[in-house]
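Peer 1: So that we are looking at the same thing, I have put the structure below in structure tokens.
Residue numbers (the working numbering): 2 to 234.
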């Protein structure tokens with residue numbers, strides 16, 4: 002296993018490495034919880050961009066609300082993460098043994114170590130299954146973007162304006178005013194931008210449309226995702 006040998010052992014091996022192990026496991030558990038918390042949030046009815054797999058023929062979401070499809074696996078992972086994190090404190094408290102030989106660590110470690118390993122194994126298995134079978138709804142993602150009537154792309158418009166030698170501060174001011182006007186009138190940001198002479202004389206309709214296209218404003222996100230996947234593989 003490449004574990005190596007202990008070079009300075011007394012009656013017992015120092016418990017700092019055990020505490021470090023529990024800490025690493027707890028950190029991994031927190032990361033899994035982070036992933037699954039995102040799934041739970043994105044599965045909420047008002048967002049609805051992703052959802053866990055659901056067997057409509059046999060799976061029950063709620064004993065009272067027959068319509069529900071709860072992200073139960075993600076909920077389980079988040080719940081177990083709390084248990085794993087709670088193991089960090091007793092693991093650290095096991096480190097200061099009296100005269101390098103007392104056994105106050107023993108009873109605690111009989112719970113800490115096996116529980117940490119079994120729980121993180123279950124969490125990894127559940128999280129893997131969540132993402133292997135995850136349902137993704139691109140149409141809802143697009144609808145959510147459009148729900149703001151273009152407001153979500155205000156930064157892109159500001160950057161396009163700033164590139165016209167207008168300066169960032171003035172560009173920000175113009176876009177802020179247009180966004181406020183759009184909200185007040187209940188119109189799309191595009192209409193407000195075209196109605197503002199100071200903006201429309203610098204940006205053509207095509208340039209405004211390009212700036213309001215979310216697919217053209219992904220930055221380095223695609224490259225980051227692909228690089229991460231490549232590194233992990």
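We put the CB at the ideal spot given by N, CA and C, even for glycine.
Because the structure is a prediction, the values reported are computed rather than measured.
Can you tell me whether DSSP reads residue 96 as helix, strand or coil?
Peer 2: On the chain shown, position 95 is the one that residue 96 refers to. In the structure shown, residue 96 sits in coil (DSSP, three-state: anything other than H, G, I, E or B).
Peer 1: Okay, do the stretch 65-76 and the stretch 101-113 touch, 3+ Cβ pairs below 8 Å being the bar?
Peer 2: With a cut-off of 8 Å, the stretch 101-113 and the stretch 65-76 do not count as touching, because too few Cβ pairs lie within range.
Peer 1: Is the beta carbon of residue 30 closer than 9 Å to that of residue 121?
Peer 2: Taking the first residue of the chain shown as 1, we reach residue 121 at position 120. Taking the first residue of the chain shown as 1, we reach residue 30 at position 29. Yes, they are a contact pair.
Peer 1: So what's residue 52 in DSSP terms, helix, strand or just coil?
Peer 2: The count along the chain shown starts at 1 and reaches residue 52 at position 51. Reduced to three states, the DSSP call for residue 52 is strand.
Peer 1: Below 8 Å on the Cβ atoms is my contact criterion, and I expect residue 290 with residue 213 to pass it. Report the Cβ-Cβ distance as a whole number of Å.
Peer 2: Nothing about residue 290 can be read from this structure; the chain reaches only from 2 to 234.
Peer 1: Buried or exposed: where does residue 44 fall if 16 or more other Cβ atoms within 10 Å of its Cβ makes it buried?
Peer 2: If you number the chain shown from 1, residue 44 lands on position 43. When all chains shown are included, residue 44 counts as buried.
Peer 1: Would you kindly work out how many angstroms separate the C-alpha atoms of residue 166 and residue 208, rounded to a whole number?
Peer 2: Taking the chain shown and counting its residues from 1, one reaches residue 166 at position 165. Taking the chain shown and counting its residues from 1, one reaches residue 208 at position 207. Rounded to the nearest angstrom, the two C-alpha atoms are 15 Å apart.
Peer 1: Find out if the Cβ-Cβ distance for the pair residue 16, residue 108 is shorter than 9 Å.
Peer 2: Sequence index remark: in the chain shown, residue 16 carries index 15 (1-based). Sequence index remark: in the chain shown, residue 108 carries index 107 (1-based). For residue 16 and residue 108, no; Cβs fall outside 9 Å.
Peer 1: Assess, as a yes-or-no matter, whether the stretch 180-193 is touched by the stretch 221-232 under the definition of 3 or more beta carbon pairs within less than 8 Å.
Peer 2: With the cut-off at 8 Å, the stretch 221-232 and the stretch 180-193 do not touch.
Peer 1: Under DSSP, the alpha helix (DSSP H) around residue 229 begins and ends at which residues?
Peer 2: Taking the first residue of the chain shown as 1, we reach residue 229 at position 228. Where residue 229 is concerned, the enclosing alpha helix (DSSP H) stretches over 222-233.
Peer 1: Please list, in chain order, all residues of the same chain as residue 142 whose beta carbon is under 8 Å from its beta carbon, the five residues on each side excluded.
Peer 2: Taking the first residue of the chain shown as 1, we reach residue 142 at position 141. Cβ neighbours of residue 142 beyond the five flanking positions: 50.
Peer 1: Please determine, among 99, 168, 102, 81, the residue with the shortest C-alpha to C-alpha distance to residue 128.
Peer 2: Counting from one through the chain shown, the residue named residue 128 turns up at place 127. Considering only alpha carbons, the answer is 81.
Peer 1: Mind checking who residue 136 pairs with in its DSSP beta bridge?
Peer 2: Taking the chain shown and counting its residues from 1, the one referred to as residue 136 is at position 135. Residue 136 is bridged to 52.
Peer 1: By Cβ distance below 7 Å, which residues in the same chain neighbour residue 88 in space, the five residues on each side in sequence not counted?
Peer 2: Residue 88 sits at position 87 when you count from the first residue of the chain shown. Once the five neighbours on either side are set aside, the close Cβ partners of residue 88 are 23, 27, 113, 116, 117.
Peer 1: Could you check the C-alpha separation between residue 126 and residue 231 for me, to the nearest Å?
Peer 2: Counting from one through the chain shown, the residue named residue 126 turns up at place 125. Counting from one through the chain shown, the residue named residue 231 turns up at place 230. Approximately 22 Å, taken between the alpha carbons.
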